[in-house]
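Notes follow the structure.
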Amino acid sequence: MGIPHVLAVPYPAQGHVIPMMELLQSFTKQGFKVTCVNTEFIHERVMKAMNEKESNVVDTIQMTSIPDGLGPSEDRNDFVIALKAIFEVMPGKLEELIEKINETDDNKITCLVADENMGWAFKVAEKFGIKKVAFWPASTALLAASFNVPKLIQDEILNSDGTVRKHQTISLSKNMPAMNTENLVWFCFPDLETQKTVFGVIQKSNEFVKLADFVICNSAYELEPAAFTLCPNLLPIGPLIATNQLGKQVGHFWPEDSACLTWLNEQPVSSVIYVAFGSFTLFDPIQFQELALGLEKTNRPFLWVVRPDMTDEMNEAYPKGFIDRIGSRGRMVGWAPQEKVLRHPSVACFLSHCGWNSTIEGVSNGVPFLCWPYFADQFLNERYICDVWKVGLGLEKDESGIISHSEITNKVEHLVCDNQFKARVLELKEKVVNSVSTQGCSNKNLSRIIDWMK
Ligand code: UDP
């Protein structure tokens, strides 16, 4: 019998591709053959952003691509168009790819690992009679909420098209973060058509995922005991953090600026505010300037990720004289090696948009948070950080809807001067790091999956 050959299908977004690549490294370490199939658009970005150091990791993972069904000039951020194309075009392309691999490769595909949002791939896998694993890269509470949609309709809280019938706070179980109906994931999109499309995809995914043999989550029992108790068929296998597992950071869409690590080496221990908002967040110019002023007025060193596409008017984005005034105390980079930054001893706190990957990376490295959620599940993650784990503080908007520079400076001071936040996040860090170590629950679950794949 040949070695197992895993075919992986990530969802085409940064926060999905990175953890999938981390998971795949666990399989290559076992000697499995691994092929990762991105959309052509994402494949090109990943390959372009990668430096030579990382390319040897990708040597052990065969990187390939299929079309996403969109033309070169179509807007991939338009979820109505993009999701329609993905569901219509990708299944056929994936089927052709599997056929081709099976004809030409000594090791036929034995197992499909797909992002839960790409559940259509399980239907394709069924045709080939191969094993199927669904990978969920966000919080398990969020997946539990998606699974709960039929009940919300039954309880007449939602209409069958996902629109709200009764606004209220939902709590799936006593120790899970409460969620307002208006924070349900599909409502973060401004227009009704997109909301309905995303809601439809969640409903389809709820059906497709039933085809999977296992559903594995990039989370730990210790982080979300109530969610895993509520959904005992979901298996925690995380947090998968490349640097914790001595793996490599791969699958990034932008080239990383690793010179900021040298700058971090020069800063005092526990002094730096690390500021990053993930791969999507956009800023309006006033809020961007207010953030810059807030960082300036903390009088502390800061490392701020300012993606090239973060605000429309990048050239005039900073307040007048800001760059000169901050000198070498502040550093702006286009894309940071975030996991390495968070594990650097100079970092004091993480001003974050609370994407799930950023959340588990901060916790895994014992860094307390200032929460600035913007979109989708980030509000739910903020509730975990502030209310359940108590390892961070939220930033409040003023009456004009802006987070002011004084709110930023006040909360930074509060967070770094109150040792309890650091103490609690270190305690949580120990639990989650244990979870992925040899005797830990997440590690045992992953080993079980690996044995079953063999
Ligand atoms: N990230 C990074 N460098 C940066 C900013 C982000 O490597 O400068 C990584 C981060 O470590 C995380 C991912 O990008 O793994 C972002 O995922 P997350 O779920 O936090 O946010 P999203 O981009 O999905 O909103």
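Every letter in the sequence shown is one number past the one before it in the numbering used here, and letter 66, counting from 1, is 1089.
Beta carbons are placed, not taken as given, at the ideal position from N, Cα and C, and that holds for glycine.
Of the residues R1471, N1322, S1423, the one placed nearest N1433, counting alpha carbons only: Your numbering for residue 1433 matches position 410 in the sequence shown. Considering only R1471, N1322, S1423, the residue with the shortest C-alpha distance to N1433 is N1322.
Cβ-based neighbour list, V1292, same chain, cut-off 7 Å, excluding 5 preceding and 5 following: By one-based count along the sequence shown, residue 1292 stands at place 269. Excluding positions up to five away in sequence, the list reads P1368, S1369.
heavy atom of the ligand UDP below 8 Å from V1478 C-beta: Absent from the model: residue 1478. The displayed extent of the chain is 1024 to 1477, so no value can be given.
Same chain, Cβ closer than 6 Å to E1063, neighbours up to 5 away in sequence not counted: Along the sequence shown, one-based indexing puts residue 1063 at 40. Hits under 6 Å: S1088, P1090.
Close Cβ partners of F1110 (< 7 Å) along its chain, the five nearest in sequence each way excluded: Translated into positions along the sequence shown, residue 1110 becomes position 87. Cβ neighbours of F1110 beyond the five flanking positions: W1143.
Cβ pair count under 8 Å reaching 3, the region 1381-1398 against the region 1354-1365: As far as the Cβ criterion goes, the region 1381-1398 touches the region 1354-1365, which means the pair count is three or higher.
Inter-stretch contact (C-beta, 8 Å, three-pair minimum) for the region 1163-1174 and the region 1246-1253: yes
Limits of the alpha helix (DSSP H) - the one that C1440 falls within: Numbered from its first residue, the sequence shown carries residue 1440 at position 417. That run of the alpha helix (DSSP H) goes 1428-1440.
Backbone CA spacing between E1149 and G1274 [nearest angstrom]: Working through the sequence shown from its first residue, we reach residue 1149 at position 126. Working through the sequence shown from its first residue, we reach residue 1274 at position 251. If you take the alpha carbons of E1149 and G1274, they lie about 27 Å apart.
Validate contact between the region 1214-1229 and the region 1446-1454 using beta carbons, cut 8 Å, 3 pairs: no
Distance, W1395 Cα to E1067 Cα: For the purposes of this step, residue 1067 is identified with residue 44 of the sequence shown, where counting begins at 1. For the purposes of this step, residue 1395 is identified with residue 372 of the sequence shown, where counting begins at 1. Cα to Cα, the separation comes out at about 31 Å.
Per-residue DSSP class, three states only, for T1127: On the sequence shown, residue 1127 is found 104 positions in, with the first residue counted as 1. In the structure shown, T1127 sits in a helix (DSSP, three-state: H, G or I).
DSSP three-state assignment for W1286, whether helix, strand or coil: If you number the sequence shown from 1, residue 1286 lands on position 263. Here W1286 sits in helix by DSSP.
Nearest to N1256 (by Cα), restricted to the options D1421, V1060, E1339, V1156: The count along the sequence shown starts at 1 and reaches residue 1256 at position 233. Of the listed residues, the one whose Cα sits closest to N1256 is V1156.
Sequence ranges, beta strand (DSSP E) only - wholly within the region 1195-1262, length at least 3: 1237-1240, 1257-1259
For W1412, the three-state DSSP class (helix, strand or coil): By one-based count along the sequence shown, residue 1412 stands at place 389. Looking at W1412 - three-state DSSP - the assignment turns out to be coil, as it is neither helix nor strand.
Where the beta strand (DSSP E) through Q1086 begins and ends: Numbered from 1 along the sequence shown, position 63 holds the residue referred to as residue 1086. For the sequence presented, residue 1086 should be read as Met rather than Gln. Note, M1086: beta strand (DSSP E), 1084-1089.
Spatial distance of L1093 from D1441 (CA atoms): Here the question's residue 1093 lines up with position 70 in the sequence shown. Here the question's residue 1441 lines up with position 418 in the sequence shown. Cα to Cα, the separation comes out at about 50 Å.
Cross-strand partners of I1193 (DSSP beta bridge): Within the sequence shown, residue 1193 is the residue found at index 170, counting from 1. DSSP, once it has assigned bridges, lists M1202 as partnering I1193.
Where the beta strand (DSSP E) through L1393 begins and ends: Stepping through the sequence shown from its first residue, residue 1393 is reached at position 370. L1393 -> beta strand (DSSP E) spans 1392-1394.
Burial state of S1242 (16 or more Cβ within 10 Å): Here residue 1242 corresponds to residue number 219 of the sequence shown, with the count starting at 1. So S1242 ends up on the buried side.
Residue interval of the alpha helix (DSSP H) (run including G1038): For the purposes of this step, residue 1038 is identified with residue 15 of the sequence shown, where counting begins at 1. Start and end: 1037-1051.
H1437, buried or exposed, once every other Cβ within 10 Å from all chains shown has been counted against 16: Position 414 of the sequence shown, counting from 1, holds the residue named residue 1437. H1437 is exposed by the Cβ-count criterion.
Beta-carbon spacing of N1198, V1390 below 9 Å: Position 175 of the sequence shown holds residue 1198. Position 367 of the sequence shown holds residue 1390. No, Cβ-Cβ distance for N1198 and V1390 is not below 9 Å.
Proximity winner among G1185, R1348, I1121, P1095, relative to T1217 (alpha-carbon distances): Locating residue 1217 in the sequence shown gives position 194, counting from the first residue. Here the closest residue by C-alpha is G1185.
Counterpart residues of T1058 in DSSP-defined beta bridges: For the purposes of this step, residue 1058 is taken as residue 35 along the sequence shown, with counting starting at 1. For T1058, which the question treats as bridged, DSSP gives the partners L1030, Q1085.
Reduced DSSP secondary structure (H/G/I, E/B, other) of C1134: As a first step, residue 1134 must be located in the sequence shown, where it is residue number 111. In this structure, C1134 counts as strand in the three-state DSSP scheme.
Check: N1380 C-beta below 8 Å from any heavy atom of the ligand UDP: Here residue 1380 refers to the residue found at position 357 when the sequence shown is read from its first residue. Checking every heavy atom of the ligand UDP against the Cβ of N1380, one is found closer than 8 Å.
Buried versus exposed, by CB contacts within 10 Å (16 or more), P1308: Position 285 of the sequence shown, counted from the first residue, corresponds to residue 1308. P1308 should be labelled exposed.
Three-pair Cβ contact test at 8 Å for the region 1416-1436 versus the region 1346-1360: Flag = no, the region 1416-1436 and the region 1346-1360 do not touch.
Whole-number beta carbon distance between I1153 and T1133, since they are thought to touch under 8 Å: Taking the first residue of the sequence shown as position 1, residue 1133 is located at position 110. Taking the first residue of the sequence shown as position 1, residue 1153 is located at position 130. With a Cβ gap of about 6 Å, T1133 and I1153 count as contacting.
Pairwise C-alpha distance: R1352 and V1329: The sequence position of residue 1329 within the sequence shown is 306, counting from 1. The sequence position of residue 1352 within the sequence shown is 329, counting from 1. If I take the Cα positions, the gap works out to 16 Å.
R1348 classed as buried or exposed, judged by whether at least 16 other C-beta atoms fall within 10 angstroms: What you label residue 1348 is simply residue 325 of the sequence shown in a count that begins at 1. That one is exposed.
Any non-hydrogen atom of the ligand UDP within 8 Å of F1373 CB: Working through the sequence shown from its first residue, we reach residue 1373 at position 350. It does not: the Cβ of F1373 is nowhere closer than 8 Å to a heavy atom of the ligand UDP.
Rounded separation between A1371 and V1295 - CA only: The sequence position of residue 1371 within the sequence shown is 348, counting from 1. The sequence position of residue 1295 within the sequence shown is 272, counting from 1. A1371 and V1295: Cα-Cα distance of roughly 5 Å.
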